[in-house]
Structures are given as C-alpha cells and as structure tokens.
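Numbering (the UniProt record's numbering), first residue to last: 1 to 765.
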Amino acid sequence: MSSPFKRNISLTGDTNFTGIKLTDSKNFAAGLPAIKVALRHTFKEMGALEAISTLSHMNQKEGFDCAGCAWPDPEKPSQLGEYCENGAKALAEEATYKKVDADFFKTHSVEEISNWSDFKIGKSGRITQPFLLKEDSLHYQPISWEDTFSLIAKNLMELNSPDEAIFYTSGRSSNEAAFLYGLFVRAFGTNNMPDCSNMCHESSGVALSETLGIGKGSVKLEDFENAEVITVIGQNPGTNHPRMLSALEKCKNNGGHIISVNPLEEAGLIRFKDPQSISGITLGSALTDIHLQVKINEDVSLLKLIMKRLALLDAEKKDVFDHKFIDQYTEGYEGLLEDLNQYSEKELLERCGISEDKLEEAVALLAEKNKIIICWAMGLTQHKNGVDNIKECVNLLLLKGSLGKPGSGTCPVRGHSNVQGDRTVGIMHQVSEELNTTIKKVFGFTPPEKEGLDTVKAVEAMHQGKAKVFIALGGNFASAVSDTQYAAEALQNCSLTVQISTKLNRSHLVTGKTALILPTLGRSEKDSKNGKDRFLTVENSMGKVHRSKGVLKPKSDQLKSEPEIVGGIADAYFMGQHPVAWKELAGDYDQIRKKMSQTLQGFEEVQKASEGTGYYLPNNVRDLDFNKLKNGKAQFSICKRAAHNLKSNEFLLMTIRSHDQFNTTIYGLNDRYRGIKNERRVVFMNKVDMQKIGFNPMDVVDLVSNYENIERRAKQFLVIPYNIPKGNLGAYFPEANMVVPHNHYAEKSNTPISKSIVVHLEKYK
Ligand SMILES: Nc1nc2c(c(=O)[nH]1)N[C@H]1C(S)=C(S)[C@@H](COP(=O)(O)OP(=O)(O)OC[C@H]3O[C@@H](n4cnc5c(=O)[nH]c(N)nc54)[C@H](O)[C@@H]3O)O[C@H]1N2
Ligand SMILES: Nc1nc2c(c(=O)[nH]1)N[C@H]1C(S)=C(S)[C@@H](COP(=O)(O)OP(=O)(O)OC[C@H]3O[C@@H](n4cnc5c(=O)[nH]c(N)nc54)[C@H](O)[C@@H]3O)O[C@H]1N2
Ligand SMILES: [Mo]
Numbered sequence: 001m002s003s004p005f006k007r008n009i010s011l012t013g014d015t016n017f018t019g020i021k022l023t024d025s026k027n028f029a030a031g032l033p034a035i036k037v038a039l040r041h042t043f044k045e046m047g048a049l050e051a052i053s054t055l056s057h058m059n060q061k062e063g064f065d066c067a068g069c070a071w072p073d074p075e076k077p078s079q080l081g082e083y084c085e086n087g088a089k090a091l092a093e094e095a096t097y098k099k100v101d102a103d104f105f106k107t108h109s110v111e112e113i114s115n116w117s118d119f120k121i122g123k124s125g126r127i128t129q130p131f132l133l134k135e136d137s138l139h140y141q142p143i144s145w146e147d148t149f150s151l152i153a154k155n156l157m158e159l160n161s162p163d164e165a166i167f168y169t170s171g172r173s174s175n176e177a178a179f180l181y182g183l184f185v186r187a188f189g190t191n192n193m194p195d196c197s198n199m200c201h202e203s204s205g206v207a208l209s210e211t212l213g214i215g216k217g218s219v220k221l222e223d224f225e226n227a228e229v230i231t232v233i234g235q236n237p238g239t240n241h242p243r244m245l246s247a248l249e250k251c252k253n254n255g256g257h258i259i260s261v262n263p264l265e266e267a268g269l270i271r272f273k274d275p276q277s278i279s280g281i282t283l284g285s286a287l288t289d290i291h292l293q294v295k296i297n298e299d300v301s302l303l304k305l306i307m308k309r310l311a312l313l314d315a316e317k318k319d320v321f322d323h324k325f326i327d328q329y330t331e332g333y334e335g336l337l338e339d340l341n342q343y344s345e346k347e348l349l350e351r352c353g354i355s356e357d358k359l360e361e362a363v364a365l366l367a368e369k370n371k372i373i374i375c376w377a378m379g380l381t382q383h384k385n386g387v388d389n390i391k392e393c394v395n396l397l398l399l400k401g402s403l404g405k406p407g408s409g410t411c412p413v414r415g416h417s418n419v420q421g422d423r424t425v426g427i428m429h430q431v432s433e434e435l436n437t438t439i440k441k442v443f444g445f446t447p448p449e450k451e452g453l454d455t456v457k458a459v460e461a462m463h464q465g466k467a468k469v470f471i472a473l474g475g476n477f478a479s480a481v482s483d484t485q486y487a488a489e490a491l492q493n494c495s496l497t498v499q500i501s502t503k504l505n506r507s508h509l510v511t512g513k514t515a516l517i518l519p520t521l522g523r524s525e526k527d528s529k530n531g532k533d534r535f536l537t538v539e540n541s542m543g544k545v546h547r548s549k550g551v552l553k554p555k556s557d558q559l560k561s562e563p564e565i566v567g568g569i570a571d572a573y574f575m576g577q578h579p580v581a582w583k584e585l586a587g588d589y590d591q592i593r594k595k596m597s598q599t600l601q602g603f604e605e606v607q608k609a610s611e612g613t614g615y616y617l618p619n620n621v622r623d624l625d626f627n628k629l630k631n632g633k634a635q636f637s638i639c640k641r642a643a644h645n646l647k648s649n650e651f652l653l654m655t656i657r658s659h660d661q662f663n664t665t666i667y668g669l670n671d672r673y674r675g676i677k678n679e680r681r682v683v684f685m686n687k688v689d690m691q692k693i694g695f696n697p698m699d700v701v702d703l704v705s706n707y708e709n710i711e712r713r714a715k716q717f718l719v720i721p722y723n724i725p726k727g728n729l730g731a732y733f734p735e736a737n738m739v740v741p742h743n744h745y746a747e748k749s750n751t752p753i754s755k756s757i758v759v760h761l762e763k764y765k
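Here it is, written out as structure tokens:
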C-alpha cells in the first residue's frame with residue numbers, strides 16, 4: 001500500500017537572525033517620527049499619490065473604517081487625518097501593489113514558501129483569484145469560483161454530522177458578512193463557531209457579563225475627557241491603539257491623571273506626541289502620572305492591596321467608597337471586604353513587586369477621585385485567572401461608584417477592528433436562546449441547540465479526528481492559536497481547509513489534505529454592484545455601529561466580497577432547498593441589514609448607519625440597569641490569583657506584540673519604542689536574572705516549557721537585557737506560540753495563557 005501523500009511544511013519558516021541593532025528604548029511615542037514611518041510604509045507598498053489620498057478617507061464619515069484596531073473615531077475627525085502610524089501600515093499591507101497570482105504558485109511550492117519567514121510570506125502580496133491545493137500536490141492551482149463552492153459543499157455533505165465542521169472567524173469581517181456566516185453555520189446545523197475573540201477578550205466578556213450584565217465596556221469616547229483618573233492596565237496603547245493616546249492626552253489637559261499598570265514601561269504610556277495635533281508635534285506631554293511596574297500575572301495581588309488600603313481609609317473617613325451606590329446597585333460588598341481581610345499586606349506587596357511609595361501615590365489618588373475609567377487588554381485576559389483579573393477591576397469601580405456616570409466606567413480595549421461587532425451579530429459558539437427564537441421566526445428554520453466548539457476545543461477536535469472540515473472567514477488560525485506543533489497536526493488532520501483571505505499567510509501552507517484559498521475584498525476597496533458602490537457596517541470598541549465604504553479600486557477583478565462568498569457557499573450547499581434565498585440575500589446588503597434589524601436586539605436602527613452618522617447599541621451599565629443579574633444588582637466578586645509555583649530556574653513568559661506587526665502579519669522587523677531594530681527573535685530579560693544564571697546580552701537561547709512532562713521548545717532567541725521585573729520574560733507572538741500549551745487556558749473563558757507561560761531557558765545548541 002502506498003503511504004498517504006505528505007507535505008513537508010515548516011512551521012517556523014526561516015529562523016536565521018536578521019542583523020539586530022539595539023538603540024535606547026524610547027520614552028515617548030508618536031510625533032513626527034511616527035508620521036515619517038507611516039508614510040514610508042504606505043509609499044513603498046502603494047505609491048505616494050494613492051497613499052496620501054487614501055489615508056485622507058480613513059476613519060472619516062464618508063470613508064472606510066481602519067482595518068487596524070477598534071478604537072472609535074471622534075465626532076469631529078482631525079483635519080490632518082484621523083489615522084495613526086499603525087493604521088497607515090495596515091492600509092499599506094492591504095493596498096500593496098504586489099500580487100499572489102497563478103504564476104506565483106507555479107513558481108513556489110507550499111513547501112518552499114513555508115521555509116520563508118512570516119515577514120516574507122506576508123510581503124508576497126494580495127491574493128488575486130481562488131486557488132486549490134489538491135490532495136497530492138505541492139502547488140496551488142487556479143480554480144473557478146463555481147468549482148470552489150461546489151467542492152466545499154461536497155465536503156460538507158459528506159460529513160457524518162454537521163459537528164464535524166469548524167467555522168472560524170477573525171475580527172475583520174463586517175457585521176453583514178458575519179451575520180450571514182453565523183446564519184449559514186446555524187442553518188447547516190452546528191454552533192462550531194470559534195472566533196479570534198476566544199483568544200482575545202473572551203475573559204472580558206465572561207467577567208463583565210457575570211458582574212455587570214453585558215459583555216462589553218461601558219465608556220464612550222467623551223468619557224475620556226471627563227475622567228479624573230484613567231487606569232491603563234495590561235495594555236500597550238502606544239503600539240496597539242495609538243489613537244487612544246489622544247484621548248488620554250485630552251484627559252490630562254482637563255486635569256485628569258493616568259495610572260499605568262504594566263511590567264514594562266511602554267513608550268506611549270510614559271510620554272506622547274500627537275502626530276495629529278500641531279501642538280503635539282512640538283510639545284510632547286508626559287502621560288503617565290504613576291507607573292506601577294507590576295510583576296506578570298500579579299494584578300489581582302496589586303488590586304487587592306489597593307482596595308485593602310482604600311477600605312482602611314474608608315473606615316476612617318467614610319467617603320472613600322460610594323456607599324450610596326454600593327447600597328443601591330450592588331451585591332456582595334461584605335463578602336469582598338472579608339476576602340480582602342484574608343490577605344496580608346506584606347505578602348501582597350511582595351508578590352506584585354510594587355514599591356510602597358508608588359502604591360501610596362496610587363491609593364491617595366484613587367481615594368480622592370470618583371470619576372474613574374479602567375482600560376485593559378491582553379495583559380489581563382490571557383492568563384489562567386484572566387476572568388478574575390477583570391472582575392477585580394470591576395470590584396474597584398463598584399466600590400468607587402464609577403459606573404454609569406460621565407467620565408467613568410469599564411473600557412476593555414478591543415483588538416480587531418470589528419471583533420465586537422462580529423459577536424454582536426451572532427458569531428459565537430455559545431447558544432443564545434433568544435437569538436435562536438428570532439432566527440426561527442424571521443428565517444423559518446430551527447438553529448441547533450447544542451453548544452459548539454471554541455478555539456481551544458476546535459483544535460482538540462481536529463487533532464482527535466472529530467472534525468474534518470475547517471473554514472476560516474479571515475485570520476491566520478495556524479499561527480494565532482497556541483501550541484504551533486499541535487495546531488498544525490490538527491489542521492493537517494482535516495480533509496479540507498478553506499481560507500477566505502486577503503493576504504498570504506502560514507494558514508495557507510499548514511493545511512488539510514485539500515486546501516482552498518478564497519480571495520476577498522479588503523476594507524479599503526470599493527465594493528460595487530451594477531455600477532453602484534456599496535457600504536458595510538462595523539461596531540467600534542465602544543458599541544457604536546457605523547458604516548465603512550472602501551475607496552480604492554480592487555486589486556483584482558476576481559475578488560468577491562465576504563457576504564457574497566458566504567452566500568456562494570450556502571447556495572451551493574443547500575441548492576435551493578432551504579427557506580433562505582442565500583444568493584439573493586448575500587447580494588443585497590440592504591436586505592441583510594433589514595434582516596439584522598428584525599433579528600438582533602439593538603439593530604432596529606441599523607439603517608441609520610447608512611446615513612453615515614452611526615448609533616450606539618443599548619448598554620445596560622450606562623443606564624445602571626442590572627435587572628438581568630441576580631437580585632437585579634451588579635455583583636462584587638471574590639477573585640483568585642494564579643499559583644505558578646515556579647522552580648528556581650523557571651520564569652513567567654509573556655508573548656507580546658512588537659511595534660511592527662498586526663497580530664501574525666509582520667509589517668517590519670523593528671520594535672522602535674523598545675529599542676530593537678531588525679530582529680524579532682529576542683527575549684527580554686532582567687539584568688539581575690541574567691547575571692544569576694550567567695547569561696550575557698545576545699546569548700542565543702531556546703525558550704522551553706514543560707507542562708505535564710511534554711516539552712515544547714521555541715528555538716533560537718537573543719537575550720536582551722531589559723527593564724522588566726525579575727522572574728519575568730517577554731518575547732514576540734506568534735514566534736513564541738511554540739511553547740504555549742494548547743490545554744492550559746483561562747478558567748471559564750478558555751483564553752490561552754499567552755501572557756503567563758512557565759518556561760526555562762536553555763543555551764541554543
Ligand atoms: N499595531 C497593532 N495594533 C493592534 C494589534 C497589533 O498586533 N498591532 N493587535 C490588535 C489586537 S487583536 C489586540 S487584542 C490588541 C492587543 O493590544 P495589547 O493587549 O496592548 O497587546 P499586547 O502586545 O498583547 O500587550 C499586552 C500589554 O500587556 C502587558 N502585560 C503582559 N502581561 C501582563 C500582566 O500580567 N499584567 C499587566 N498589568 N500587564 C501585562 C505587556 O507588557 C503589554 O504592554 O491590539 C490590537 N491592535
Ligand atoms: N501567543 C499569543 N498568541 C496570540 C495572541 C497573543 O497575544 N499571544 N493574541 C491573540 C489575539 S488577541 C488574537 S485577536 C488572535 C488573532 O488571530 P487572527 O485574527 O486569526 O490572526 P490575524 O493575524 O489577525 O489574521 C491575519 C490574516 O487575516 C487575513 N485578513 C486580513 N484582512 C482581512 C479581511 O478584511 N477579510 C478577510 N477575510 N481576511 C482578512 C489576512 O489573510 C491576514 O493574513 O491571535 C491570538 N494569538
Ligand atoms: Mo485580539
């Protein structure tokens with residue numbers, strides 16, 4: 001018997017060092033250098049004229065939403081442009097003139113491409129037509145759209161159960177595409193809808209739903225101007241949400257204060273020069289008033305300590321906590337105080353690693369002020385106790401009555417530009433009875449009632465051969481999920497993997513036996529039908545739905561819009577035997593929006609988005625309505641810390657983003673603000689730790705984790721002495737995903753522990 005055809009695919013690509021240069025890490029972000037870098041990237045990828053004219057449409061009412069982060073746009077966008085350095089880079093990536101066409105795949109086999117670095121793969125350009133990788137082939141070849149859809153339909157029909165298919169979503173998709181996709185998956189018969197949010201803000205969603213009754217934040221952009229204290233915890237806005245810095249600056253200009261809680265002194269948090277304001281270019285302002293350099297995953301220790309001190313002050317003065325608010329709106333206050341009493345101050349202080357005077361400064365500020373916002377991102381969510389990290393933040397806000405009034409509230413800063421919208425319109429593995437009931441009413445079919453698989457469980461199911469078809473609406477699943485080796489085995493176990501994508505990435509190489517690439521329009525591109533330009537809608541990080549309309553000529557006339565691709569798959573699968581007329585619906589976005597308005601709570605006004613103004617979705621916390629929760633009250637929580645029990649040679653590793661990447665898309669090899677030039681394979685380490693184990697700067701090491709006696713190894717990293725707490729390490733994602741175990745994740749949210757992996761270092765051999 002001949003052995004099955006096997007491709008020899010590299011999971012890391014080229015790991016040779018690229019020629020590192022170290023500079024001082026920067027203590028301010030943005031300003032003129034940011035504009036220079038932004039323009040350099042866009043000019044190189046798309047030419048100067050087109051770059052400048054396109055950037056002027058980004059985040060404007062008549063234009064398109066930036067495909068970078070989900071930070072909201074101000075009501076009056078800046079005349080100098082409403083974009084940041086990293087938004088410009090995101091555009092450059094999408095609008096690049098380089099193309100991945102039939103010749104490209106004829107020349108390069110998937111094995112060859114897999115040996116390139118992620119940086120080089122990404123720079124190959126935009127995918128121009130549908131491609132098929134046959135079971136016994138090493139080269140993708142062109143395929144027609146029609147054949148693509150029939151092949152997918154055939155594979156779906158051959159499954160023993162709809163639960164053998166997985167439908168992933170990355171957070172770039174529009175509301176319309178995601179709504180249609182979710183509808184098709186339910187009509188097909190499964191809730192297997194893992195999405196990037198499972199690896200991202202799922203912990204926030206769980207924590208906020210359980211304590212406040214809605215899985216989203218409560219602040220609006222204008223609250224930043226009114227806040228007295230903004231705490232930025234576990235988030236690096238200078239790199240990942242640069243436009244947020246202008247909002248923080250406004251808070252400061254109005255007399256507010258900023259506390260940052262982070263193991264690193266991130267540039268944007270310390271000083272900032274707004275490239276979009278003339279004064280900012282020249283002045284540059286100190287943003288953070290108090291930087292609390294917490295040890296990795298000790299935020300709960302720190303927050304408990306702060307609340308303990310505040311409770312002591314409140315016992316004396318009675319006005320530190322908002323007792324009226326606590327009485328009227330909350331439940332569990334006494335329980336929280338009891339919990340705080342069980343911890344010793346000394347132990348808490350030691351664990352979080354903060355100095356006594358810094359702590360006191362923060363406590364004094366928080367004691368005095370009531371209009372408080374807490375912002376957070378992956379530094380809190382991606383830990384074993386990620387959900388409790390966030391609940392502890394909610395505890396603090398509840399004590400201070402800092403919810404439902406101007407200048408205060410929760411602010412989970414979202415990642416992908418429409419990750420929040422995708423969830424709102426029905427991308428989730430959980431079952432919502434309410435949604436199922438309306439779908440039945442509006443569309444005439446009964447959605448499945450069994451909970452589906454999230455990201456972690458989907459990988460396991462594929463690994464065990466329980467799922468055989470994998471379809472991805474965007475993203476780069478193979479590189480984004482934990483445990484690269486295990487994830488690759490899982491995907492390679494599938495009979496068919498399908499990627500709906502704009503750009504080439506590793507998930508097009510780490511595939512099932514047969515693989516398809518379905519190329520789609522990007523955000524910045526015109527989506528025209530019958531000579532008319534169409535728009536789609538998205539929801540920003542603060543729950544505002546607004547439209548997005550591309551302006552550029554599509555890179556190829558063979559691209560289809562995401563709704564049309566989903567409609568094509570659904571139409572081929574059902575062949576007219578279904579109550580939904582998939583193709584017609586997919587081709588008419590106004591119809592999709594009409595159906596959304598009939599199906600989804602809060603979408604009654606979605607047509608307003610067509611007028612360009614946008615509107616806010618309902619938010620019970622803004623109205624201080626906690627009726628959905630136990631006894632109609634917001635809930636205080638008892639939060640746990642993670643116990644790592646490190647051995648003497650072990651460290652906690654956080655996997656973070658450099659300044660030159662968007663998730664798995666590598667824009668460049670620099671991490672300007674951290675002083676790293678031309679290299680990604682670095683590990684940040686405290687000097688004292690280096691001396692202790694006898695490492696010198698630039699020593700080459702492997703990162704090694706060992707969970708349940710399974711050794712995982714990320715090879716070849718340069719040791720960089722850095723201002724990071726003792727016992728902690730930092731390295732970039734996705735390279736470090738090699739060492740993140742697939743079966744360790746946050747309780748309740750299943751978010752991988754990407755920010756606190758126990759590792760030791762071994763000299764590279
Ligand atoms: N340019 C650009 N923009 C992006 C992205 C991108 O890759 N590039 N990604 C987008 C996406 S999907 C997301 S989710 C967001 C991510 O935005 P961030 O969450 O800001 O991204 P990370 O680089 O993961 O950074 C986490 C921050 O938390 C800190 N941290 C790590 N562990 C801990 C901890 O235990 N406690 C505390 N207090 N801090 C900790 C790190 O030092 C770092 O500053 O950004 C979005 N925007
Ligand atoms: N170790 C570690 N792992 C992590 C993280 C971490 O901090 N550490 N962060 C996690 C987080 S927060 C997230 S959100 C995930 C991200 O996981 P994903 O969302 O799966 O990954 P991305 O890198 O954002 O996906 C990039 C690809 O999306 C495609 N794309 C871009 N724009 C579009 C579009 O408009 N439409 C379509 N259809 N495709 C498009 C392109 O082909 C591009 O190559 O990774 C997670 N993984
Ligand atoms: Mo994310």
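Every residue gets a Cβ at the ideal spot worked out from N, C-alpha and C, and that includes glycine.
Note that the structure is predicted; figures quoted are calculated from it, not measured.
Neighbour flag for Thr751 against chain C, beta carbons, 8 Å: Considering every chain present, this structure includes no chain C. It has just one protein chain.
What residues in its chain sit with their C-beta under 8 Å from that of Arg657, if we drop five residues either side in the sequence? Walking along the sequence shown from the start, residue 657 turns up at place 657. So the list reads Asn236, Thr239, Asn240, Asn663, Tyr732, Phe733, once near-sequence residues are dropped.
Decide if the stretch 9 to 26 is in contact with the stretch 45 to 58; the criterion is three or more beta carbon pairs, one per stretch, under 8 Å apart. no
If distances are taken between C-alpha atoms only, which option among Glu210, Gly694, Pro242 comes closest to Lys763? Taking the sequence shown and counting its residues from 1, the one referred to as residue 763 is at position 763. Among Glu210, Gly694, Pro242, the Cα nearest to that of Lys763 belongs to Gly694.
Residue from Gly189, Ala88, Tyr745, Thr169 whose Cα sits closest to the Cα of Phe445: Here residue 445 is taken as the residue at index 445 of the sequence shown, counted from 1. Nearest C-alpha to Phe445: Gly189.
Using the beta-carbon of each residue, find all residues closer than 5 Å to any heavy atom of ligand 3 and list them in chain order. Cys200, Gly415
DSSP three-state assignment for Asp75, whether helix, strand or coil: Position 75 of the sequence shown, counting from 1, holds the residue named residue 75. Strictly speaking, residue 75 in this sequence is Glu, with Asp absent from that position. Coil.
Give the secondary structure of Pro33 by DSSP, where H, G and I count as helix, E and B as strand, and everything else as coil. Position 33 of the sequence shown, counted from the start, is the residue given in the question as residue 33. Pro33: helix per DSSP, three-state reduction.
Beta-carbon separation (whole angstroms), Val719 vs Val704, contact threshold 8 Å: Locating residue 719 in the sequence shown gives position 719, counting from the first residue. Locating residue 704 in the sequence shown gives position 704, counting from the first residue. Not quite, the Cβ-Cβ distance comes to about 14 Å (not below 8 Å), so this is no contact.
Taking the beta strand (DSSP E) that Glu762 falls in, what are its first and last residues? As a first step, residue 762 is located in the sequence shown; it is residue number 762 there, counting from the start. Looking at the DSSP string, the run of the beta strand (DSSP E) that includes Glu762 is 757 to 763.
Is Val320 closer than 8 Å to Thr336 when the C-beta atoms are compared? In the sequence shown, counting from the first residue as 1, residue 336 sits at position 336. In the sequence shown, counting from the first residue as 1, residue 320 sits at position 320. Reading off the sequence, residue 336 comes out as Leu, not Thr. Their beta carbons are not under 8 Å apart, which means Leu336 does not touch Val320 by this criterion.
At a cut-off of 7 Å, would you count Val606 as near ligand 1, judging by its Cβ distance to the nearest heavy atom? Residue numbering aside, residue 606 sits at position 606 when the sequence shown is read from its first letter. It does not: the Cβ of Val606 is nowhere closer than 7 Å to a heavy atom of ligand 1.
Kindly confirm or deny that the stretch 324 to 336 and the stretch 625 to 642 touch, where touching means at least three C-beta pairs closer than 8 Å. yes
At the level of alpha carbons, what is the spacing between Val469 and Lys346? Translated into the one-based positions of the sequence shown, residue 469 becomes position 469. Translated into the one-based positions of the sequence shown, residue 346 becomes position 346. So the alpha carbons of these two residues sit roughly 53 Å apart.
Distance check for Ser114 and Gln485, CA to CA, integer angstroms please. As a first step, residue 485 is located in the sequence shown; it is residue number 485 there, counting from the start. As a first step, residue 114 is located in the sequence shown; it is residue number 114 there, counting from the start. Rounded to whole angstroms, Gln485 to Ser114 spans 14 Å at the Cα level.
Spatial neighbours of Arg713 within its chain, please: C-beta separation below 6 Å, excluding the five flanking residues on both sides. Counting from one through the sequence shown, the residue named residue 713 turns up at place 713. Cβ neighbours of Arg713 beyond the five flanking positions: Asp702, Val704.
Quick one: what does DSSP say Trp376 is sitting in, helix, strand or coil? Here residue 376 is taken as the residue at index 376 of the sequence shown, counted from 1. Strand, per DSSP.
Residues in the same chain with beta-carbon distance under 6 Å from Ala102, minus the five sequence neighbours each way, listed in chain order, please. If you number the sequence shown from 1, residue 102 lands on position 102. If we look at Ala102 and ignore the five residues flanking it on each side, its Cβ neighbours are Pro142.
Got a sec: does ligand 1 put a non-hydrogen atom nearer than 7 Å to the Cβ of Asn418? The sequence position of residue 418 within the sequence shown is 418, counting from 1. No, the Cβ of Asn418 stays beyond 7 Å of every heavy atom of ligand 1.
If we count Cβ pairs, one from each stretch, closer than 8 Å, do we get three or more for the stretch 420 to 430 versus the stretch 184 to 204? yes
Could you give the distance in angstroms between the alpha-carbon of Gly280 and the alpha-carbon of Glu249? For the purposes of this step, residue 280 is identified with residue 280 of the sequence shown, where counting begins at 1. For the purposes of this step, residue 249 is identified with residue 249 of the sequence shown, where counting begins at 1. In this prediction, Gly280 has a pLDDT of 43, which is less than 50 and means its spatial position is unreliable; what the coordinates show is noted afterwards. Using only the alpha carbons, I get a separation of about 10 Å.
Quick one: grab the DSSP three-state call for Gly205. Here residue 205 refers to the residue found at position 205 of the sequence shown. Helix.
Does the Cβ-Cβ distance between Ala515 and Thr497 come in under 8 Å? In the sequence shown, residue 515 corresponds to position 515, counting from 1. In the sequence shown, residue 497 corresponds to position 497, counting from 1. Yes, Cβ-Cβ distance for Ala515 and Thr497 is below 8 Å.
Does the beta-carbon of Leu49 have 16 or more other beta-carbons within 10 angstroms, so that it is buried, or is it exposed? Translated into the one-based positions of the sequence shown, residue 49 becomes position 49. Per the 10 Å Cβ criterion, exposed.
Could you pull out every residue in the same chain whose Cβ sits closer than 6 Å to the Cβ of Tyr573, ignoring the five residues on either side in sequence? On the sequence shown, position 573 is the one that residue 573 refers to. Cβ neighbours of Tyr573 beyond the five flanking positions: Ala153, Leu156.
Provide the residue(s) that pair with His744 in DSSP beta bridges, ordered along the chain. The residue labelled residue 744 in the question sits at position 744 within the sequence shown. Bridge partners of His744: none, in fact.
Return the CA-CA distance between Gly452 and Leu39, expressed in angstroms with no decimal places. Along the sequence shown, one-based indexing puts residue 452 at 452. Along the sequence shown, one-based indexing puts residue 39 at 39. Computed Cα separation, rounded: 44 Å.
Compare the C-alpha of Leu292 against each of Glu356, Met244, Val606 and name the closest. On the sequence shown, residue 292 is found 292 positions in, with the first residue counted as 1. Answer by Cα proximity: Glu356.
In whole angstroms, what separates the C-alpha of Thr537 from that of Asn627? Against the sequence shown, residue 537 aligns to sequence position 537. Against the sequence shown, residue 627 aligns to sequence position 627. Cα to Cα, Thr537 sits roughly 30 Å from Asn627.
Quick check on this structure: which residue in Ala490, Glu489, Ala487, Thr520 has the alpha carbon closest to the alpha carbon of Gln499? What you label residue 499 is simply residue 499 of the sequence shown in a count that begins at 1. Cα-wise, what sits closest to Gln499 is Thr520.
Phe184 versus Arg547 - alpha carbon distance: Counting from 1 along the sequence shown, the entry for residue 184 is found at position 184. Counting from 1 along the sequence shown, the entry for residue 547 is found at position 547. Distance between the alpha carbons of Phe184 and Arg547 is about 23 Å.
Assuming Leu313 and Ala367 are in contact, meaning their beta carbons sit under 8 Å apart, how far apart are those beta carbons, in whole angstroms? If you number the sequence shown from 1, residue 313 lands on position 313. If you number the sequence shown from 1, residue 367 lands on position 367. Indeed they touch by this definition, with Cβ atoms about 5 Å apart.
Tell me, please, whether the stretch 394 to 404 touches the stretch 243 to 261 by the rule of three or more beta-carbon pairs shorter than 8 Å. no
Could you compute how far the alpha carbon of Leu504 sits from the alpha carbon of Gly217? Along the sequence shown, read from residue 1 onward, the residue named residue 504 stands at position 504. Along the sequence shown, read from residue 1 onward, the residue named residue 217 stands at position 217. Straight-line Cα distance between these residues: approximately 33 Å.
Identity of the residue in Leu624, Gly587, Val545 nearest Leu600 by Cα: Here residue 600 corresponds to residue number 600 of the sequence shown, with the count starting at 1. Closest option to Leu600, Cα to Cα, is Val545.
Span separating the alpha-carbon of Leu91 from that of Lys123: Along the sequence shown, one-based indexing puts residue 91 at 91. Along the sequence shown, one-based indexing puts residue 123 at 123. Their Cα atoms are separated by approximately 13 Å.
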